[in-house]
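Enquirer:
Numbering (my numbering), first residue to last: 411 to 820.
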């Protein structure tokens, strides 16, 4: 391999997708890059080329032999054998990344190949170029729970059963995507990065707090809480990129409790585990979301529901769910190894939680606040204000607490 050239790792089953892998390799190399092929094909070697990282090497990295895995597969345990092969691949990919031997990754798969590829791509840190072309890229199977990273997904028109003109068109798109990313890639910008969670309904508080942080030398990484970006921010915390957390919209917690479309499960754990300072607010606690295709289920439960747009519906949680969400938040915050504070505006948690508005919920807010008071450790700073989320008083207090807790971040 030429150490002066950028290198793309291609992941796939060379026994079933060998022609497709070779085609994408040719496109990438025509752009002045070089490739390493990692062969996930369990049952046989590719007929027309040899992968740089063969399946034998993957088995060895999983402390198995290829013969053992093939025998297991032939006895009806194919899925288990492939998982073992995938475990070895993850080990190898982590080493390649750590040693600086790869500059981007491109994977191809059907359902099984996609599941394995997602595990491998998740093993590479956020910010590294990653592309997956998959027959199930846009489907219920590739839920954000299984993605959990900044992976570019390419949905082909049809399945890959040979290199017809349509297949070449889609494979070319995926290859050109990674080939364009790698030469232009810049390292993740360093600095005093603060993670902040929000949705559009919370802007009266979010904008002033963001401005105050930036005016004091911080960089703010905004995450949209109805997406998997909250989970990506948590990965960036674990990577050491984000040094403080203004978690003003952790309402994925409510989604876990109420059964909504939670795209970042187990939220509010990274900051506590890593011991970075965090300031928490209950933004939008009082509403949860789901796909509009799933709205009827919540309507049938007797809930108040509203279609927000064609793809997203909203529903009102019960008083008990508000209290349970507060207890779950408290359990995460109590485990924190760093400075932690939560600021609660007891007159309303977002714009539609005002008297006369559709999500006005004084009983739910009271249950939430009381559960926090009853369950938070004394080590967590709790401030309860007699104001609404939209009031300048709330943004001012949150800004003050953020600047106080974040002041020692280098």
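Quick reminder that beta carbons are idealized off the backbone N, C-alpha and C, glycines included.
Fair warning: this is a prediction, and the values are worked out from it, not measured in the lab.
Between the alpha carbons of residue 488 and residue 772, how many angstroms are there, rounded?
Expert: Looking up residue 488 in the chain shown gives position 78. Looking up residue 772 in the chain shown gives position 362. So the alpha carbons of these two residues sit roughly 55 Å apart.
Enquirer: Per DSSP, which one or two residues make a beta bridge with residue 605?
Expert: Within the chain shown, residue 605 is the residue found at index 195, counting from 1. Looking at the DSSP assignment, residue 605 forms a beta bridge with 631 and 655.
Enquirer: Looking only at its chain, what residues have a beta carbon closer than 8 Å to the beta carbon of residue 615, apart from the 5 residues adjacent to it on each side?
Expert: Taking the chain shown and counting its residues from 1, one reaches residue 615 at position 205. Cβ within range, chain order: 658, 691, 693, 799, 800, 804, 805 and 808.
Enquirer: Using the Cα positions of residue 550 and residue 788, report the straight-line distance between them to the nearest angstrom.
Expert: As a working mapping, residue 550 is identified with position 140 in the chain shown. As a working mapping, residue 788 is identified with position 378 in the chain shown. Roughly 42 Å separates the two Cα atoms.
Enquirer: Is the beta carbon of residue 562 closer than 8 Å to that of residue 546?
Expert: The count along the chain shown starts at 1 and reaches residue 546 at position 136. The count along the chain shown starts at 1 and reaches residue 562 at position 152. No, these two residues do not count as a Cβ contact at 8 Å.
Enquirer: For the alpha helix (DSSP H) containing residue 600, list its first residue and its last residue.
Expert: Counting from 1 along the chain shown, the entry for residue 600 is found at position 190. Premise fails: residue 600 is in no alpha helix (DSSP H) and is neither H nor E.
Enquirer: Quick check on the burial criterion: 16 or more other C-beta atoms within 10 angstroms. Buried or exposed for residue 555?
Expert: Along the chain shown, one-based indexing puts residue 555 at 145. Residue 555 should be labelled exposed.
Enquirer: Express the C-alpha separation of residue 511 and residue 592 in angstroms, rounding to a whole number.
Expert: Your numbering for residue 592 matches position 182 in the chain shown. Your numbering for residue 511 matches position 101 in the chain shown. Their backbone Cα atoms lie some 13 Å apart in a straight line.
Enquirer: List the residues that DSSP assigns as beta-bridge partners of residue 701.
Expert: Here residue 701 is taken as the residue at index 291 of the chain shown, counted from 1. Answer is 722.
Enquirer: Using 10 angstroms around the beta-carbon of residue 665, count the other beta-carbons present and answer buried if the total reaches 16, otherwise exposed.
Expert: Numbered from its first residue, the chain shown carries residue 665 at position 255. Buried, since its Cβ has 16 or more Cβ neighbours within 10 Å.
Enquirer: For residue 720, which of 704, 714 and 711 has the nearest alpha-carbon?
Expert: Translated into positions along the chain shown, residue 720 becomes position 310. The shortest Cα separation from residue 720 among 704, 714 and 711 belongs to 704.
Enquirer: Anyone know if the C-beta pair for residue 778 and residue 745 falls short of 8 Å?
Expert: Here residue 778 corresponds to residue number 368 of the chain shown, with the count starting at 1. Here residue 745 corresponds to residue number 335 of the chain shown, with the count starting at 1. Not a contact, by the Cβ cut-off of 8 Å.
Enquirer: Per DSSP, residue 625 forms a beta bridge with which residues?
Expert: On the chain shown, residue 625 is found 215 positions in, with the first residue counted as 1. Bridge partners of residue 625: none, in fact.
Enquirer: Tell me the DSSP secondary structure of residue 717 in three-state form.
Expert: Looking up residue 717 in the chain shown gives position 307. Residue 717: strand per DSSP, three-state reduction.
Enquirer: Taking only the alpha-carbon atoms, compute the straight-line gap between residue 521 and residue 623 and give it to the nearest angstrom.
Expert: On the chain shown, residue 521 is found 111 positions in, with the first residue counted as 1. On the chain shown, residue 623 is found 213 positions in, with the first residue counted as 1. Approximately 44 Å, taken between the alpha carbons.
Enquirer: Which residues in the same chain have their Cβ closer than 6 Å to the Cβ of residue 577, if we skip the five residues on either side of it in sequence?
Expert: Working through the chain shown from its first residue, we reach residue 577 at position 167. Cβ within range, chain order: 570.
Enquirer: State the beta-bridge partners of residue 444 as determined by DSSP.
Expert: The residue given as residue 444 occupies position 34 in the chain shown. Looking at the DSSP assignment, residue 444 forms a beta bridge with 417.
Enquirer: Would you mind sorting residue 753 into buried or exposed? The rule is 16 or more other CB atoms within 10 Å of its CB.
Expert: By 1-based counting over the chain shown, the position of residue 753 is 343. Classification of residue 753: buried, given that the 10 Å Cβ count is 16 or more.
Enquirer: Which term fits residue 440, buried or exposed, when burial requires 16 or more other beta carbons within 10 angstroms of its beta carbon?
Expert: For this step, residue 440 is matched to residue 30 along the chain shown. Its Cβ having fewer than 16 others within 10 Å, residue 440 is exposed.
Enquirer: Would you call the segment 757-767 in contact with the segment 705-715, where contact means no fewer than 3 C-beta pairs closer than 8 Å?
Expert: Cβ pair count under 8 Å is below three, so no.
Enquirer: Put residue 640 into one of helix, strand or coil per three-state DSSP.
Expert: One-based indexing of the chain shown puts residue 640 at position 230. In this structure, residue 640 counts as helix in the three-state DSSP scheme.
Enquirer: Just how far apart, CA to CA, sit residue 459 and residue 481?
Expert: Position 49 of the chain shown, counting from 1, holds the residue named residue 459. Position 71 of the chain shown, counting from 1, holds the residue named residue 481. Computed Cα separation, rounded: 24 Å.
Enquirer: I'd like the list of long-range same chain contacts for residue 670, defined as Cβ closer than 6 Å, with 5 residues on each side in sequence excluded.
Expert: Along the chain shown, read from residue 1 onward, the residue named residue 670 stands at position 260. Result list for residue 670: 698, 699 and 700, in chain order.
Enquirer: What residue from 509, 766 and 552 has the CA that sits closest to residue 519's CA?
Expert: The sequence position of residue 519 within the chain shown is 109, counting from 1. Per the Cα distances, 552.
Enquirer: Check for me: the beta strand (DSSP E) holding residue 802 runs from which residue to which?
Expert: Counting from 1 along the chain shown, the entry for residue 802 is found at position 392. Here residue 802 belongs to no beta strand (DSSP E); instead the alpha helix (DSSP H) covers 802-816.
Enquirer: Please state if the CB of residue 684 and the CB of residue 648 are separated by a distance shorter than 8 Å.
Expert: The residue labelled residue 648 in the question sits at position 238 within the chain shown. The residue labelled residue 684 in the question sits at position 274 within the chain shown. Yes, these two residues count as a Cβ contact at 8 Å.
Enquirer: Any idea if residue 498 is buried or exposed, counting beta-carbon neighbours within 10 angstroms, 16 or more meaning buried?
Expert: Within the chain shown, the letter at position 88 stands for residue 498. Buried, by the Cβ-count rule.
Enquirer: Do residue 833 and residue 610 have their C-beta atoms within less than 8 Å of each other?
Expert: Since the first and last residues shown for the chain are 411 and 820, residue 833 lies out of range.
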